[in-house]
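The block underneath contains the structure these notes are about, expressed in structure tokens.
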Amino acid sequence: MRVLRVLAVLAAIIAAPASRAAEVMVAVAANFTAPMQKIAAAFERETGHKAVLAFGSTGRFHAQIRNGAPHQVLLSGDDETPARLLQEGHAVAGSRFTYAIGRLVLWSPQAGVVDALGDVLRQPPQGKLAIADPKLAPYGAAAMEVLQKTGNAGNWQAHLVQGESISQAFQFVASGNARLGFVALSQVMNEGKLEKGSAWVVPAVLHTPLRQDAVLLTPGKDNSAALALLQYLRGESARVILRAHGYEF
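So the sequence shown is numbered by the working numbering: it starts at 223 and just counts up by one.
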């Protein structure tokens with residue numbers, strides 16, 4: 223009996239690391255901040271794994287990952303960056319998938335500033351227009367496409383203020399440093415409703431689709447929490463949160 227008890231204890235010790243909750247370091251595109259905070263909390267409640275989140279511009283994350291940053295999962299703001307990381311050998315083959323399709327919105331925290339058709343862009347500029355840096359942030363690139371396709375790029379060029387990420391662009395507008403700005407719908411929408419102010423949800427035909435891909439990075443290839451998170455993002459629990467913030471998939 224003593225031998226059996228000893229064997230049982232040894233088996234428990236050996237099995238413990240396999241069942242122990244793990245931690246994953248996740249680089250998250252700035253537009254996905256609010257929903258990912260909720261998803262991470264739900265993920266931890268349901269699986270025991272913890273997601274440690276870093277938010278920023280997709281372009282900045284690409285540079286960090288290439289220079290050896292320890293991120294284990296990337297939730298990109300586009301589909302090009304994960305594809306590039308795969309080609310460069312910084313991500314795990316077969317792990318890439320689209321976790322969300324974002325929407326761009328022209329927004330002001332003040333009611334009546336932005337009309338439902340975006341005609342405010344055709345009016346003489348009053349104040350600044352905030353966008354994310356088109357070289358670093360997919361939402362910034364999409365904003366420039368909209369200005370160009372609607373023929374308003376020249377009208378607003380001298381009135382643009384750029385943030386490194388979509389979060390910084392949002393802060394310019396929310397703080398009043400810019401009168402209006404192109405931000406992510408997820409930043410101003412919750413539970414399917416605009417939280418405040420006025421907005422024009424930009425028709426998707428006016429810019430390249432904001433297809434956002436996830437990918438498992440090389441440092442996370444053996445991390446159980448990383449694998450579990452990528453699976454969780456495909457599930458209904460995460461998609462309920464995505465819908466509430468205006469994402470499609």
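Just so you know, even glycine gets a beta-carbon here, dropped at the ideal spot from N, CA and C.
- Query: Would S330 count as contacting chain B if we go by Cβ distances under 9 Å?
  - Reply: Absent from the structure: chain B. Only one protein chain is present.
- If you drop the 5 nearest sequence neighbours on each side, which residues of the same chain put their C-beta closer than 8 Å to that of S420? If we look at S420 and ignore the five residues flanking it on each side, its Cβ neighbours are W329, S330, Q332, A333, G334, V335, V336, D337.
- G290 versus D355: straight-line alpha-carbon distance, rounded: 24 Å
- Counting Cβ pairs, one atom from each stretch, are 3 or more of them under 8 Å apart for the segment 409-419 and the segment 338-353? no
- Task: With a 10 Å radius around its C-beta and 16 neighbouring C-beta atoms as the bar for buried, classify A450 as buried or exposed.
- Result: buried
- Query: What's the C-alpha gap between A365 and E417?
  - Reply: The alpha-carbon atoms of A365 and E417 are separated by roughly 21 Å.
- Task: Would you kindly report the start and end of the unbroken beta strand (DSSP E) that includes V410?
- Result: Where V410 is concerned, there is no enclosing beta strand (DSSP E), although the alpha helix (DSSP H) it sits in stretches over 407-410.
- Per DSSP, M247 forms a beta bridge with which residues? V274
- For T430, does the count of other Cβ atoms within 10 angstroms reach 16, so buried, or fall short, so exposed? exposed
- Ends of the beta strand (DSSP E) at V462? Unbroken run through V462 is the alpha helix (DSSP H), 458-466; no beta strand (DSSP E).
- Message: Check for me: the alpha helix (DSSP H) holding Y321 runs from which residue to which?
- Response: Y321: not part of any alpha helix (DSSP H); member of the beta strand (DSSP E) spanning 319-324, first to last residue.
- Query: Are the segment 366-381 and the segment 300-316 in contact at 8 Å, needing three or more beta carbon pairs?
  - Reply: no
- Message: I believe V314 touches L455 by the beta-carbon criterion, under 8 Å. Please report the beta-carbon distance rounded to the nearest angstrom.
- Response: 15 Å between Cβ atoms; not a contact.
- Message: Just to confirm before moving on: does the CB-CB distance between V327 and L407 stay below 9 Å?
- Response: yes
- Item | Start-to-end residues for the alpha helix (DSSP H) that takes in V368 | Its alpha helix (DSSP H) spans residues 360-371.
- Span of the beta strand (DSSP E) holding V295? 295-297
- Pick from Y321, P292, Q294, L402: whose alpha carbon is nearest that of E458? Y321
- Message: Output needed for H381: all residues of its chain with C-beta closer than 8 Å, excluding positions within five of it in sequence on either side, in chain order.
- Response: P347, G349, K350, L351
- Query: Looking only at DSSP bridge pairs, what is R433 linked to?
  - Reply: I323
- Query: Since H312 and R282 are thought to touch, with beta carbons under 8 Å apart, how far apart are those beta carbons, to the nearest angstrom?
  - Reply: Between R282 and H312 the Cβ distance is about 15 Å, and since that is not below 8 Å, they are no contact.
- Item | Inter-residue Cα distance where the pair is R242 and V274 | 17 Å
- Looking at V248 and Q286, is the spacing between their C-beta atoms short of 9 Å? no
- Message: Quick check on P425: buried or exposed, where buried means 16 or more other Cβ atoms within 10 Å of its Cβ?
- Response: exposed
- Over the uninterrupted alpha helix (DSSP H) stretch that includes V219, give me the two end residues. Nothing can be reported for residue 219, as the shown portion of the chain is limited to 223 through 471.
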